[in-house]
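Novice:
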Amino acid sequence: MGAVDAVHSNGFSDDEAAAVRSKYPRLILVQSHLLEGTLELHASFNDHVITDEFLIRITASAEYPGRMPTMREIGERTQSIASKYRITDFRKLHRSGDEAACLCVKQMERKKFPPGSDLFVFVENLVVPYLYGLSYYDATGRWPWGEYTHGALGLLEFYGDDGIEQTREGIEEVALLIRRETNWKEYHKQIRKPSGDRMCLCGSMRSFKTCHRRAWEGTLRLNSELRRLRLRQFT
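Below, the structure written as structure tokens:
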């Protein structure tokens, strides 16, 4: 799977849907832009096998396949997990305000869903790992792998972990997302002139480098990349 053939003008092709259905037969193309049904999960991570099922909805964006689809868990499993662990902020379960799942940090989208990808790639590379993690969380109260904080702090944490040089396009995309934060001015101040002793961007009243050290290290890295690429997105 990988190349997209004969895509509908605003959604998935019949061939794409058929490819997904060959492995997940209970996922049905309801409309050209909408795939819905039960995904029967059988996956493993570090030799830990999980068998489960989730009712989901996958929606093609207007820019698909140039922009990856969105996925929503619609069987109220997320709500059940939140209730079980007394979670009031659904972002802890990587679900955004519009109930779409946050499948990966922005910087990983092109790696997980590179240009030319199709619906099958999206399901295998993004949907299945997310649902595996959600099932694992249901059983253990934690994610099976290291996770990033939701929102702009998570974007900065990624920069702290990833040693690969960033592209101009990638940083410009991330800049647009960080600008949406309500405390954008504080992010702006930190990225322009990083200081680990300032109050953390999460509002904890603790120093940034103590409270969210990975994000602090990512801020230093982003500042360095901005200077290397001579970008002025945060000036």
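If you use this note's numbering, the sequence shown corresponds to residues 3 to 237, in order. All C-beta atoms, glycine included, are put in the ideal place defined by N, C-alpha and C.
#1: Relative to the C-alpha of R194, which residue among T221, E65, A20 and S209 is closest?
#2: Taking E101 as the reference, which of E219, I76 and T90 has the closest Cα?
#3: Check whether the Cβ atoms of T151 and H214 sit closer than 9 Å, and answer yes or no.
#4: Which full runs of the alpha helix (DSSP H) of 4+ residues lie inside the region 134 to 216, going along the chain?
#5: Using only the alpha-carbon positions, how far apart do L232 and R223 sit?
#6: Are A21 and D91 closer than 9 Å when you measure CB to CB?
#7: For F160, collect the residues of the same chain with a Cβ closer than 7 Å to its Cβ; drop the 5 residues on either side in sequence, then sort them by chain order.
#8: Would Y138 and H35 qualify as a contact pair, given that the criterion is a beta-carbon distance under 9 Å?
#9: For E167, count the other beta carbons within 10 Å of its own beta carbon; 16 or more makes it buried, fewer makes it exposed. Which is it?
#10: Since L37 and E55 are thought to touch, with beta carbons under 8 Å apart, how far apart are those beta carbons, to the nearest angstrom?
#11: Name the two residues that bound the continuous beta strand (DSSP E) containing T40.
#12: Rank D164, D140 and Y26 by C-alpha distance to the C-alpha of K113 and give the top, closest one.
#13: Would you kindly report the start and end of the unbroken beta strand (DSSP E) that includes F56?
#14: Using beta-carbon positions only, say whether V125 and L57 come within less than 9 Å of one another.
#15: So which of Q192, L228 and E227 has the shortest CA-CA distance to K211?
#16: Would you kindly check if the distance between the Cβ of L133 and the Cβ of F115 is under 9 Å?
#17: Quick one: Cα of C204 to Cα of L155, how far?
#18: DSSP on Q33, reduced to helix/strand/coil?
#19: Given this structure, state the Cα-to-Cα distance separating T72 from I180, to the nearest angstrom.
#20: Quick check: the Cα distance between Y66 and G13, rounded to an integer number of angstroms?
#21: Tell me whether E78 is buried or exposed, calling it buried when 16 or more other Cβ atoms sit within 10 Å of its Cβ.
#22: If you follow the beta strand (DSSP E) that T90 is part of, which residue opens it and which one closes it?
Specialist: To lay it out plainly:
#1: Within the sequence shown, the letter at position 192 stands for residue 194. With distances taken between Cα atoms, R194 lies closest to T221.
#2: The residue labelled residue 101 in the question sits at position 99 within the sequence shown. It is I76 whose Cα lies nearest to the Cα of E101.
#3: Along the sequence shown, read from residue 1 onward, the residue named residue 151 stands at position 149. Along the sequence shown, read from residue 1 onward, the residue named residue 214 stands at position 212. Yes, they are a contact pair.
#4: 154 to 163, 170 to 180, 186 to 194 and 210 to 213
#5: Looking up residue 232 in the sequence shown gives position 230. Looking up residue 223 in the sequence shown gives position 221. In the sequence on display, residue 232 carries Arg and not Leu. Rounded to whole angstroms, R232 to R223 spans 14 Å at the Cα level.
#6: As a working mapping, residue 21 is identified with position 19 in the sequence shown. As a working mapping, residue 91 is identified with position 89 in the sequence shown. For A21 and D91, no; Cβs fall outside 9 Å.
#7: Reading the sequence shown from its first residue, position 158 is the one you call residue 160. Taken in chain order, the residues that qualify are V107, Q109, Y150 and G220.
#8: For the purposes of this step, residue 138 is taken as the residue at position 136 of the sequence shown. For the purposes of this step, residue 35 is taken as the residue at position 33 of the sequence shown. Taking 9 Å as the Cβ cut-off, Y138 and H35 do not qualify as a contacting pair.
#9: Within the sequence shown, residue 167 is the residue found at index 165, counting from 1. Exposed.
#10: For the purposes of this step, residue 37 is taken as the residue at position 35 of the sequence shown. For the purposes of this step, residue 55 is taken as the residue at position 53 of the sequence shown. L37 to E55, Cβ: 16 Å. No contact.
#11: Position 38 of the sequence shown, counted from the first residue, corresponds to residue 40. Element bounds for T40: L36 to F47.
#12: What you label residue 113 is simply residue 111 of the sequence shown in a count that begins at 1. Residue D164 is the option with its Cα nearest to K113.
#13: Locating residue 56 in the sequence shown gives position 54, where the first residue counts as 1. Counting along the chain, the beta strand (DSSP E) containing F56 begins and ends at H50 to T61.
#14: In the sequence shown, the residue the question calls residue 125 occupies position 123. In the sequence shown, the residue the question calls residue 57 occupies position 55. No. Outside cutoff.
#15: Residue mapping note: residue 211 aligns to position 209 of the sequence shown, counting from 1. Of the listed residues, the one whose Cα sits closest to K211 is Q192.
#16: Residue mapping note: residue 115 aligns to position 113 of the sequence shown, counting from 1. Residue mapping note: residue 133 aligns to position 131 of the sequence shown, counting from 1. No, the pair does not count as a contact, with Cβ atoms beyond the cut-off.
#17: Taking the sequence shown and counting its residues from 1, the one referred to as residue 204 is at position 202. Taking the sequence shown and counting its residues from 1, the one referred to as residue 155 is at position 153. One C-alpha to the other measures close to 8 Å.
#18: If you number the sequence shown from 1, residue 33 lands on position 31. Here Q33 sits in strand by DSSP.
#19: For this step, residue 72 is matched to residue 70 along the sequence shown. For this step, residue 180 is matched to residue 178 along the sequence shown. In a straight line, the C-alpha of T72 is about 20 Å away from that of I180.
#20: As a first step, residue 66 is located in the sequence shown; it is residue number 64 there, counting from the start. As a first step, residue 13 is located in the sequence shown; it is residue number 11 there, counting from the start. Those two C-alpha atoms are separated by around 7 Å.
#21: The residue you call residue 78 lines up with position 76 of the sequence shown. Exposed, because fewer than 16 other Cβ atoms sit within 10 Å of the Cβ of E78.
#22: Mapped onto the sequence shown, residue 90 falls at position 88. Run containing T90: none; DSSP gives neither H nor E here.
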